[in-house]
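A short write-up of the structure that comes next.
There are 2 protein chains.
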Amino acid sequence: MEMDGISRVRRFNRAVSTEIGALDSSFLGRGRPLGEARVLCRIGAKGATVAAIRDDLALDSGLLSRLLRSLEGQGLVEVAPDPADRRRRIARATKRGLREVAAYDRLSDTRAAALLERHSGRTWAALLEAMDRIACAVGAERIVIDTADPHDPDARQCLEGYYGDLARLFDTGFDPAVSLDPEPEALRPPVGDFLVARCDGMPVGCCALKGAGSAVGEVKRLWVAPAARGLGLAERLMAAAEARALGLGMTTLRLDTNRALTAAIGLYRRTGWREVPAFNAEPYAHHWFEKRIAPGG
Amino acid sequence: MEMDGISRVRRFNRAVSTEIGALDSSFLGRGRPLGEARVLCRIGAKGATVAAIRDDLALDSGLLSRLLRSLEGQGLVEVAPDPADRRRRIARATKRGLREVAAYDRLSDTRAAALLERHSGRTWAALLEAMDRIACAVGAERIVIDTADPHDPDARQCLEGYYGDLARLFDTGFDPAVSLDPEPEALRPPVGDFLVARCDGMPVGCCALKGAGSAVGEVKRLWVAPAARGLGLAERLMAAAEARALGLGMTTLRLDTNRALTAAIGLYRRTGWREVPAFNAEPYAHHWFEKRIAPGG
DNA sequence: TTCATTGCCTGACTAAAGTCAGCTAATGGA
DNA sequence: TCCATTAGCTGACTTTAGTCAGGCAATGAA
Numbered sequence: 239m240e241m242d243g244i245s246r247v248r249r250f251n252r253a254v255s256t257e258i259g260a261l262d263s264s265f266l267g268r269g270r271p272l273g274e275a276r277v278l279c280r281i282g283a284k285g286a287t288v289a290a291i292r293d294d295l296a297l298d299s300g301l302l303s304r305l306l307r308s309l310e311g312q313g314l315v316e317v318a319p320d321p322a323d324r325r326r327r328i329a330r331a332t333k334r335g336l337r338e339v340a341a342y343d344r345l346s347d348t349r350a351a352a353l354l355e356r357h358s359g360r361t362w363a364a365l366l367e368a369m370d371r372i373a374c375a376v377g378a379e380r381i382v383i384d385t386a387d388p389h390d391p392d393a394r395q396c397l398e399g400y401y402g403d404l405a406r407l408f409d410t411g412f413d414p415a416v417s418l419d420p421e422p423e424a425l426r427p428p429v430g431d432f433l434v435a436r437c438d439g440m441p442v443g444c445c446a447l448k449g450a451g452s453a454v455g456e457v458k459r460l461w462v463a464p465a466a467r468g469l470g471l472a473e474r475l476m477a478a479a480e481a482r483a484l485g486l487g488m489t490t491l492r493l494d495t496n497r498a499l500t501a502a503i504g505l506y507r508r509t510g511w512r513e514v515p516a517f518n519a520e521p522y523a524h525h526w527f528e529k530r531i532a533p534g535g
Numbered sequence: 239m240e241m242d243g244i245s246r247v248r249r250f251n252r253a254v255s256t257e258i259g260a261l262d263s264s265f266l267g268r269g270r271p272l273g274e275a276r277v278l279c280r281i282g283a284k285g286a287t288v289a290a291i292r293d294d295l296a297l298d299s300g301l302l303s304r305l306l307r308s309l310e311g312q313g314l315v316e317v318a319p320d321p322a323d324r325r326r327r328i329a330r331a332t333k334r335g336l337r338e339v340a341a342y343d344r345l346s347d348t349r350a351a352a353l354l355e356r357h358s359g360r361t362w363a364a365l366l367e368a369m370d371r372i373a374c375a376v377g378a379e380r381i382v383i384d385t386a387d388p389h390d391p392d393a394r395q396c397l398e399g400y401y402g403d404l405a406r407l408f409d410t411g412f413d414p415a416v417s418l419d420p421e422p423e424a425l426r427p428p429v430g431d432f433l434v435a436r437c438d439g440m441p442v443g444c445c446a447l448k449g450a451g452s453a454v455g456e457v458k459r460l461w462v463a464p465a466a467r468g469l470g471l472a473e474r475l476m477a478a479a480e481a482r483a484l485g486l487g488m489t490t491l492r493l494d495t496n497r498a499l500t501a502a503i504g505l506y507r508r509t510g511w512r513e514v515p516a517f518n519a520e521p522y523a524h525h526w527f528e529k530r531i532a533p534g535g
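Sequence order for the protein chains is A and B.
Position 137 (the first sequence) corresponds to 375 in the numbering used here; numbering is contiguous.
Position 188 (the second sequence) corresponds to 426 in the numbering used here; numbering is contiguous.
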């Protein structure tokens, strides 16, 4: 059997649907029908409006209503009108409800751990990487870019990935101590910013904007996680950084880069950046770029 | 959110279950309840005993019975006693049934293609690779090793992977024309054999046994697909090759290998192979090994 | 103030899925 | 030959899921 893309997808489907079924079966096993369990977990600790639950779980209005009544009857959920619009109603888990949600959570964790345990040492990392890649590909349209503090754990995780990549790619290796490392203050509002891209909560890329309170800013630390490459995320991060730079009052952006980062260099050239003479003494840089971003510039 | 293994698995689960749901929804959309469609597809072109269907789909005996009656009523399936044991009954698809199965198949193909289409060029290969890895990890216990002809398409696919790996790994590159390439006849019974490992139908590894009709055989072309590495498949292939060698009347096995293949060399040393002086003039070889396999040897 | 709209609920269904006890026929060993 | 076992079937259920037509109260624009 020659395996083309389609049969490989279908084989994947077949293989995973059993696994997924097992993971989802954590929604059973507490003596509650699937529908109720799903609604309860969707409400979770934060609560949710009835409409939000209906949309997320694709439930009929009447059916959801009944499921909520049943959960109320079990003392797991309380539904109250939204003070902002008293037609709308907000469902919240009670103390007991929260305990149930936590129990479901533990069940899911156990199943996930069991899946991992079946795969000893060596395979783990590769397996998780493959899972990340698929989750990113499937959830590509859900990737969101947000401002974050450069010391935020997600930002740190991205930076670790970034430094790791540089150390691997640069023919000289990479030592952050040797590089021109910007002060964290330069990467925070009001002078600069730090953007993190997340896919379903997992950090998958970053881009820093270094400012000095002037009209010239600098783009630093553009990075995309291996699992999220090929989805056009670098472009999106750069576009977000430019938009943010405008918001911070910058009119010109600069950046420096190493010759090993060919994909990034290609991106810069493609998106309106102009190569310029060195504007700093960054020891790892071989190319310097500039882009005027002010509207009508 | 720091992502540990468990949350990554759960995130993967969440991401894929939607996708899988969409792929599985091909079981709907032909105006037949899910249960019937699943049973019909399980019967497929080959037919199946009632017990096998029951086990595979985890259906209650009574429920399955009713589903079969309904499918019979629609003229899609015929159930007849198994001549070998007339208590047991075998369900087979009728002509119309086969057409229906084919239609479901096309639906699945379409969904799979749609999934791939959403991911343009660059991502495809990486995505499929990730899918293969997960399917292999999940289906590891279903990997089977069979005899195949060295010209069989699956065998060829493995050999392409093998040559590709060698070309990448050897510091000299690799040209099959320069290497001592055994005649296909030497890799076929009654003197030799060619083993292919498959996971749910996908070729994931191979191992050749070159014979000359004497008591000394040679192990060649041990290869495991990247997606199936870390699952202990190389060990299994070597063990299968040894067993097959005994069956072909060999008492001693030899092999040569390149110094770049450190994992393979480690495996040989671990499993009772003894390094010996060069026994051939293979230009790509740096190490030669030998193992006595005759029982009590 | 009127009135269409929105958001959710209830009642009255149907369909699908799942459960369980008891039945019959075939099998194979004592 | 007897009889325990196996394989599957049937009838008589219950539960879960899903649908749809109203209904009522809150809302907000005319």
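Glycine residues also receive a C-beta, built at the ideal position from the N, C-alpha and C atoms.
Because the structure is a prediction, the values reported are computed rather than measured.
In angstroms, rounded to a whole number, what distance separates the CA positions of residue i and residue j?
i: B:PHE517; j: B:TRP526; result: 7 angstroms
i: A:ALA350; j: B:VAL247; result: 6 angstroms
i: B:GLY243; j: A:ILE291; result: 28 angstroms
i: A:ALA289; j: A:ARG334; result: 23 angstroms
i: B:GLY267; j: B:ARG344; result: 12 angstroms
i: B:CYS339; j: A:ASP347; result: Per the sequence shown, the amino acid found at residue 339 of chain B is Val instead of Cys. Approximately 37 angstroms, taken between the alpha carbons.
i: B:LEU272; j: B:GLY439; result: 25 angstroms
i: B:ARG252; j: B:LEU505; result: 38 angstroms
i: A:ARG436; j: B:LEU295; result: 38 angstroms
i: B:THR509; j: B:GLY455; result: 17 angstroms
i: A:LEU491; j: B:ARG276; result: 58 angstroms
i: A:ARG270; j: B:ALA501; result: 50 angstroms
i: A:ARG330; j: A:ARG304; result: 16 angstroms
i: A:ALA386; j: A:ASP431; result: 8 angstroms
i: A:LEU425; j: A:ARG482; result: 12 angstroms
i: A:VAL462; j: B:ALA523; result: 40 angstroms
List, in order along the chain, the chain A residues whose C-beta lies closer than 7 angstroms to that of residue i?
i: B:SER346; result: ARG248
i: B:HIS357; result: ALA375
i: B:ASP403; result: The contacting residues do not exist; B:ASP403 stays about 16 angstroms from chain A at best.
What residue range does the beta strand (DSSP E) around residue i cover?
i: B:ASP494; result: 490–495
i: B:ILE383; result: 381–385
i: B:ARG325; result: 323–331
i: B:GLY443; result: 440–448
i: B:ASP320; result: 315–320
i: B:LEU433; result: 431–437
i: B:GLY300; result: No beta strand (DSSP E) contains B:GLY300, which is instead part of the alpha helix (DSSP H) from 299–311.
i: B:ARG512; result: 512–514
i: B:GLY269; result: Per DSSP, B:GLY269 belongs to no beta strand (DSSP E) and is neither H nor E.
i: B:VAL459; result: Checking the sequence, you will find Arg at residue 459 of chain B rather than Val. Per DSSP, B:ARG459 belongs to the beta strand (DSSP E) from 454–462.
i: A:HIS357; result: From DSSP, A:HIS357 is part of no beta strand (DSSP E); its letter is neither H nor E.
i: B:HIS524; result: It is not in any beta strand (DSSP E) - B:HIS524 carries neither H nor E in the DSSP assignment.
So, for residue i: in the same chain, excluding its five sequence neighbours on each side, which residues have a beta-carbon less than 8 angstroms away from its beta-carbon?
i: B:PRO533; result: LEU484
i: A:THR489; result: ALA453, VAL454, ARG530, ILE531, ALA532 and GLY535
i: B:MET239; result: Here B:MET239 scores only 41 on pLDDT, less than 50, and its place in the model should not be relied on; the value that follows carries that caveat. Contacts found: SER245.
i: A:LEU314; result: LEU278, ALA331, THR332, ARG334, GLY335 and GLU338
i: B:TRP362; result: LEU354
Which residues in the same chain have their Cβ closer than 6 angstroms to the Cβ of residue i, if we skip the five residues on either side of it in sequence?
i: A:ALA378; result: LEU469
Counting only Cβ pairs nearer than 7 angstroms, list the residues of chain B close to residue i.
i: A:ASP431; result: Within chain B, no residue comes near A:ASP431; the closest Cβ sits about 21 angstroms away, beyond 7 angstroms.
i: A:THR361; result: ALA375, GLY468 and LEU469
i: A:ILE258; result: ASN251, VAL254, SER255 and ILE258
Locate the alpha helix (DSSP H) running through residue i, then write down its first and last residues.
i: A:ALA415; result: Looking at the DSSP string, A:ALA415 is not in any alpha helix (DSSP H), and its letter there is neither H nor E.
i: B:GLY282; result: Where B:GLY282 is concerned, there is no enclosing alpha helix (DSSP H), given that its DSSP letter is neither H nor E.
i: A:GLU480; result: 471–485
i: A:LEU404; result: 391–407
i: B:GLY504; result: 500–508
In chain A, which residues lie less than 8 angstroms from residue i when you measure between Cβ atoms?
i: B:ILE372; result: PHE250, ALA253, VAL254, LEU365, ALA368, MET369 and ILE372
i: B:ASP293; result: Neighbours of B:ASP293 on chain A: none; closest Cβ ~13 angstroms, over 8 angstroms.
Along chain B, which residues have their Cβ under 8 angstroms away from the Cβ of residue i?
i: A:ILE244; result: ASP347, ALA350, ALA351 and LEU354
Please go through the same chain and pick out, in chain order, the residues whose beta-carbon is closer than 7 angstroms to the beta-carbon of residue i, but skip the five residues on each side of it.
i: B:ALA479; result: LEU433, CYS445, LEU447 and VAL457
i: B:PRO515; result: TRP526
i: A:GLY443; result: CYS396, ALA435, TRP461, VAL462, ALA463, ALA466, LEU471 and LEU475
Measuring only from the beta carbon, is residue i closer than 7 angstroms to any heavy atom that is part of the ligand ATP?
i: A:ARG507; result: The ligand ATP is absent from the structure shown, which contains no ligands of any kind.
Query - Sufficient close CB pairs (3 or more, under 8 angstroms) joining the segment 283–302 of chain A to the segment 397–411 of chain B - result: Remark: fewer than three beta-carbon pairs, one from each stretch, lie closer than 8 angstroms, so the segment 283–302 of chain A and the segment 397–411 of chain B are not flagged as touching.
Query raised in the report: Can we say the segment 368–388 of chain A touches the segment 387–396 of chain B, given the rule of at least three CB pairs closer than 8 angstroms?
Result: Contact annotation: the segment 368–388 of chain A does not touch the segment 387–396 of chain B, with fewer than three C-beta pairs closer than 8 angstroms.
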